[in-house]
Amino acid sequence: MKILEFGNKEKEKLLLIHGFQTPYQIWNEYIAHFKERYHIIVPVLPGHDPEQMEDFISFSECAKELEDWYMNRCGESVYAIYGMSMGGVLAACLWRNRRLKIQKLILESSPLLGTGRLMTEVQIKLYQMMTHKTQKRDPKIIRQAVSSIVPECLLEDFLKMMDHMPDETIEKYIRCLAAYRMPGDMDIPGTVLYYFHGTKSNEILAKKTARFLEQHYPDTHVICFQGKGHCEDSLLNPQVMLRKLEEVFTDA
Numbered sequence: 480m481k482i483l484e485f486g487n488k489e490k491e492k493l494l495l496i497h498g499f500q501t502p503y504q505i506w507n508e509y510i511a512h513f514k515e516r517y518h519i520i521v522p523v524l525p526g527h528d529p530e531q532m533e534d535f536i537s538f539s540e541c542a543k544e545l546e547d548w549y550m551n552r553c554g555e556s557v558y559a560i561y562g563m564s565m566g567g568v569l570a571a572c573l574w575r576n577r578r579l580k581i582q583k584l585i586l587e588s589s590p591l592l593g594t595g596r597l598m599t600e601v602q603i604k605l606y607q608m609m610t611h612k613t614q615k616r617d618p619k620i621i622r623q624a625v626s627s628i629v630p631e632c633l634l635e636d637f638l639k640m641m642d643h644m645p646d647e648t649i650e651k652y653i654r655c656l657a658a659y660r661m662p663g664d665m666d667i668p669g670t671v672l673y674y675f676h677g678t679k680s681n682e683i684l685a686k687k688t689a690r691f692l693e694q695h696y697p698d699t700h701v702i703c704f705q706g707k708g709h710c711e712d713s714l715l716n717p718q719v720m721l722r723k724l725e726e727v728f729t730d731a
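Note that the numbering used here has the sequence shown beginning at 480, numbered continuously upward.
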């Protein structure tokens with residue numbers, strides 16, 4: 480796993496974890512905004528780096544690799560982790576493992592309760608089909624990508640990533656997402672948990688997760704973005720999300 484670093488290494492640590500089929504460059508504006516105040520760490524998850532072909536095995540394997548790297552270079556303390564969509568599942572694994580001492584854990588639209596067998600099979604076929612069409616530069620799929628996944632300035636990075644993602648990688652990610660179940664009884668003091676989600680139809684799993692967290696972890700700060708889709712502002716309107724993160728980071 481390639482792990483990138485930005486900013487002053489003497490500052491508090493901010494870990495940014497991208498989502499599935501999202502290029503790590505989605506963090507460019509976040510890095511530019513925060514690099515003077517934080518030491519920013521950006522892992523490029525397996526299967527998402529067109530320059531380094533690496534097979535995805537599991538979230539637990541990714542968590543261990545990231546933890547080992549982090550603890551060797553930075554110690555145990557992490558000021559904040561922000562996991563977007565699938566990246567939030569990896570972030571939740573880091574929290575659950577207790578190897579890192581995380582002050583603020585921010586999960587956005589992350590599916591933490593798994594899915595059933597039928598939905599899993601449908602999602603695998605859907606993502607593989609969309610990936611094939613992207614690789615063939617289907618105009619409709621490209622337009623959808625620009626309207627819902629990446630701004631046009633990152634389209635080339637997105638296409639390069641998608642060109643190098645095989646069907647096997649897609650299937651492994653979807654099956655691991657489907658199998659993940661966040662326990663409802665973890666007691667990990669010292670971490671403030673935030674969960675962001677939208678209200679559009681593609682946020683059904685996120686809304687279900689939000690209700691679960693409110694029930695089992697009542698101290699969770701659940702923040703709902705009315706009229707927004709899956710990670711809409713974080714992907715396409717980063718300046719909006721940066722203002723929300725500023726609020727989170729200044730919250731005692």
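Backbone N, C-alpha and C fix where the C-beta goes; we use that ideal spot for every residue, glycine too.
To the nearest angstrom, how far is it from the Cα of residue i to the Cα of residue j?
i	j	result
Lys-580	Ser-556	5 Å
Met-641	His-527	8 Å
Gln-614	Tyr-509	28 Å
Met-550	Ile-621	40 Å
Arg-577	Arg-552	17 Å
Arg-575	Leu-493	18 Å
Gln-694	Arg-616	44 Å
Ala-685	Pro-590	6 Å
Lys-514	Lys-490	9 Å
Gly-486	Tyr-558	14 Å
Cys-655	Glu-726	32 Å
Pro-668	Met-608	43 Å
Lys-639	Trp-548	26 Å
Lys-543	Asp-666	21 Å
Tyr-696	Asp-664	8 Å
Lys-604	Arg-516	42 Å
How many whole angstroms separate the CB atoms of residue i and residue j, which I take to be in contact at a CB cut-off of 8 Å?
i	j	result
Ile-585	Tyr-606	At roughly 25 Å, the Cβ-Cβ gap does not stay under 8 Å, so Ile-585 and Tyr-606 are not in contact.
Arg-660	Leu-592	6 Å
Met-565	His-643	At roughly 18 Å, the Cβ-Cβ gap does not stay under 8 Å, so Met-565 and His-643 are not in contact.
Pro-733	Met-480	The displayed coordinates of the chain run from 480 to 731. Any statement about residue 733 would go beyond what the structure contains.
His-518	Glu-484	7 Å
Leu-541	Leu-495	Before going on, a small fix: residue 541 reads as Cys here, not Leu. The Cβ separation is near 15 Å, so there is no contact.
Val-629	Leu-714	7 Å
Phe-535	Lys-651	5 Å
Glu-682	His-709	6 Å
Ala-689	Thr-594	In fact, because the Cβ distance is near 16 Å, the residues do not count as touching under 8 Å.
Return the chain-ordered list of same chain residues with a C-beta closer than 6 Å to the C-beta of residue i, the five sequence neighbours on each side being excluded.
i	result
Asn-716	none
Lys-523	It is worth fixing the name first, because residue 523 is Val in this sequence and not Lys. Answer for Val-523: Lys-481, Tyr-503, listed in chain order.
Gly-498	Met-563, Ser-564, Met-565, Gly-566
Ile-702	Phe-675
Gln-602	Ile-653
Leu-692	Tyr-674, Thr-699
Met-720	Asp-712, Ser-713
By the DSSP assignment, the alpha helix (DSSP H) with residue i in it spans what residues?
i	result
Val-719	717-729
Pro-618	618-627
Lys-543	538-553
Ile-482	Careful: Ile-482 lies outside any alpha helix (DSSP H), inside the beta strand (DSSP E) at 481-485.
Ile-649	646-658
Gln-614	596-614
His-695	683-695
Glu-631	First-last for Glu-631: undefined, no H or E at that position.
Ile-510	507-513
Taking the alpha carbon of residue i as the reference point, which residue from the options has its own alpha carbon closest?
i	options	result
Glu-587	Gly-554, Thr-678, Val-625	Thr-678
Asp-712	Met-550, Asp-664, Ile-505	Ile-505
Asp-636	Gln-602, Val-568, Pro-502	Pro-502
Cys-632	Asn-507, Met-665, His-497, Asn-487	Asn-507
Thr-729	Val-521, Ile-536, Gln-582, Asn-681	Gln-582
Can you list, in chain order, the residues of its chain whose CB lies under 7 Å from that of residue i, leaving out five sequence neighbours each side?
i	result
Lys-707	Gly-677, Thr-678, Lys-679
Lys-488	His-518
State the start and end residues of the unbroken beta strand (DSSP E) segment that holds residue i.
i	result
Met-563	556-563
Ile-702	700-704
His-518	517-523
His-676	671-677
Ile-734	Residue 734 is absent from the model: the chain starts at 480 and stops at 731.
Gln-582	580-587
Leu-494	491-496
By Cβ distance below 8 Å, which residues in the same chain neighbour residue i in space, the five residues on each side in sequence not counted?
i	result
Asp-698	Val-671, Leu-672
Pro-662	Arg-575
Thr-610	Gln-500, Met-641, Met-644, Asp-646, Ile-649
Leu-634	Ile-621, Ala-624, Val-625
Leu-545	Met-480, Ile-482, Pro-522, Leu-569, Leu-573
Gln-718	Glu-508
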